[in-house]
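The structure appears below as structure tokens.
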Amino acid sequence: MKKIGVLTLPLKGNYGGVLQAFALTTFLKENGFDAYLVDRQWNQTQKNLKYYIQKIIYHNLLIGKVKKFNKKWINPKTFEIRSQERMLDLNNEGFDAFVVGSDQVWRVEHTGGVKNNYFLDFIKDKNVKKVAYAASFGKDSVDGTEESLNEISSLLKQFNAISVREESGVKICSETFDVKAAHVLDPVLLLNSDDYLPIIDKSSPKLVNTMTTYVLDASKVNNDIISDAAAALNLEAVSINYKKDPGLLLKNKSLDFYNYIYPSVSNWLRGFRDAEFIITDSFHGTIFSILFKKQFLVIGNERRGLARFNSILSKLGLMDRLITSKNPYNKEMLFKKINFNEVQELLNKEKVASKSFLLSALK
-6 MKKIGVLTLP
4 LKGNYGGVLQ
14 AFALTTFLKE
24 NGFDAYLVDR
34 QWNQTQKNLK
44 YYIQKIIYHN
54 LLIGKVKKFN
64 KKWINPKTFE
74 IRSQERMLDL
84 NNEGFDAFVV
94 GSDQVWRVEH
104 TGGVKNNYFL
114 DFIKDKNVKK
124 VAYAASFGKD
134 SVDGTEESLN
144 EISSLLKQFN
154 AISVREESGV
164 KICSETFDVK
174 AAHVLDPVLL
184 LNSDDYLPII
194 DKSSPKLVNT
204 MTTYVLDASK
214 VNNDIISDAA
224 AALNLEAVSI
234 NYKKDPGLLL
244 KNKSLDFYNY
254 IYPSVSNWLR
264 GFRDAEFIIT
274 DSFHGTIFSI
284 LFKKQFLVIG
294 NERRGLARFN
304 SILSKLGLMD
314 RLITSKNPYN
324 KEMLFKKINF
334 NEVQELLNKE
344 KVASKSFLLS
354 ALK
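What follows is the structure in structure tokens.
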């Protein structure tokens, strides 16, 4: 059995990041691989006592429910890694291949301080395969100096196979780094909706007549869309985002985010399973709306990047679900039904190609 290391961004309170890691490791194990999540954390740095107290609160109280999911459902893992030197120790662990992805692992401005670990710079044995699955640059371009981009190009040319999550990523690989890349599905879509049902607590009551909202960027415009849609559809808007806890109210505004408690992954998924309609501005919120075959709308956010939304929605003929300045919200969007028979047919073709890419790369 081949031993595979899966390298992605540190698992914290990002539901999409957590579930794509679960999906990729699960898919590999189902196909006969011994898959380990590489427990790469951000590099350890010297901080003051206040920082460590805040860190304890964040990890154990705010995202504690998400961390419980990680511990239960995403195993096995390697030893914890917080330095380049510790990354090099992976060379002694008998891995046959490393898969980097998915999520925005190649958005270099967000992964500073870890050298080029997400371009697999730590692998010394040429016989160890290097594969990128659904890696994302996060936007339509990549930032960096000429020297740093040349270094990345050199590392990418050592890969055995490269795939990216967005069509724009294919272009970046070709034009910026002179390498070929396939366009594949996010790992979440390698599994079926039934594969996520065991995660949902069976004792949790089923949500009824609800419009699930998962909106990362609150604003008056977004709130107005949600209110108008809920009234038009005669549904109760239920948010599955983190919520303020009055018991944690802190006077220091710099600590304001500690007022927020993240719901469990179980309850997060239940929101998609039970919804009559979904409004989200999240990429993985979009993915799970499609996976659970729900009527939905996506509020586009150009600041966060539209490339990932455009890629999946265009592939599945769902671009009319995306709200942008060029395609503003109107009530008619709420009542135009998605034909999921057509969507599923397109999705199945993409799944076959994506699975084939990954399994062939690891042969």
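At position 260 of the sequence shown the residue is numbered 253 (the numbering used here), and the sequence of numbers has no breaks. No residue lacks a Cβ here, since even glycine has one placed at the ideal position from N, Cα and C.
According to the DSSP assignment, residue 258 belongs to the alpha helix (DSSP H) that extends over 258 to 267. Counting along the chain, residue 27 sits inside no alpha helix (DSSP H); it lies in the beta strand (DSSP E) bounded by residues 27 to 30. The beta strand (DSSP E) runs of length 3 or more contained entirely in the stretch 148 to 207 are, from start to end of the chain, 154 to 157 and 203 to 207.
In the DSSP assignment, the residues bridged to residue 33 are 74. Under the 10 Å beta carbon count, residue 30 is surrounded by 16 or more other beta carbons and is classified as buried.
Comparing alpha carbon positions, the residue from 0, 22, 52 and 117 closest to residue 72 is 0. By the neighbour-count definition (other C-beta atoms within 10 Å, threshold 16), residue 103 is an exposed residue. For residue 59, the three-state secondary structure derived from DSSP is helix. Put simply, the backbone Cα of residue 68 is about 21 Å away from that of residue 261. The distance from the Cβ of residue 280 to that of residue 305 is about 7 Å, consistent with a contact at the 8 Å cut-off. Around residue 200, the same chain offers 267 as residues with beta carbons nearer than 6 Å, after the five sequence neighbours per side are excluded. Using a Cβ distance threshold of 8 Å, residue 162 and residue 154 do not count as a contacting pair. Taking each of 122, 254 and 183 in turn and checking the Cα distance to residue 150, the smallest one comes out for 122. DSSP places residue 16 within a helical segment (H, G or I) once states are collapsed to three. Judged by DSSP secondary structure, residue 232 falls outside any alpha helix (DSSP H) and instead within the beta strand (DSSP E) spanning 229 to 232. In its chain, beyond the 5 residues on either side, 129, 158, 159 and 276 have a beta carbon closer than 7 Å to the beta carbon of residue 301.
In the structure shown, residue 278 falls within a helical segment according to DSSP collapsed to helix, strand and coil. Below 8 Å, too few C-beta pairs join the stretch 93 to 102 and the stretch 36 to 48 to call them touching: fewer than three. Residue 203 counts as buried, since no fewer than 16 other beta carbons sit within 10 angstroms of its beta carbon.
Closest in alpha carbon position to residue 134, among 107, 109 and 164, is 164. Residues 252 and 253 of the same chain have their beta carbon placed closer than 7 Å to that of residue 237, with the five preceding and five following residues left out of the count. With at least 16 other beta carbons inside 10 angstroms of its own, residue 96 counts as buried. Taking C-beta atoms as the reference points, residue 308 and residue 339 count as a pair closer than 8 Å. Inclusion of residue 355 and residue 26 in the CB contact set at 8 Å is warranted, their separation being smaller than that value.
In terms of Cβ geometry, residue 207 and residue 106 do not form a close pair [threshold 8 Å]. The beta carbons of residue 181 and residue 12 sit closer together than 8 Å. Taken through DSSP and simplified to helix, strand or coil, residue 209 comes out as coil. The beta carbons of residue 316 and residue 299 sit no closer together than 8 Å. The continuous alpha helix (DSSP H) containing residue 350 extends over residues 333 to 354. Residue -5 carries a coil assignment under DSSP once its states are collapsed to helix, strand and coil.
Contact check for residue -3 and residue 92: beta-carbon distance about 6 Å, within the 8 Å limit, so the pair qualifies.
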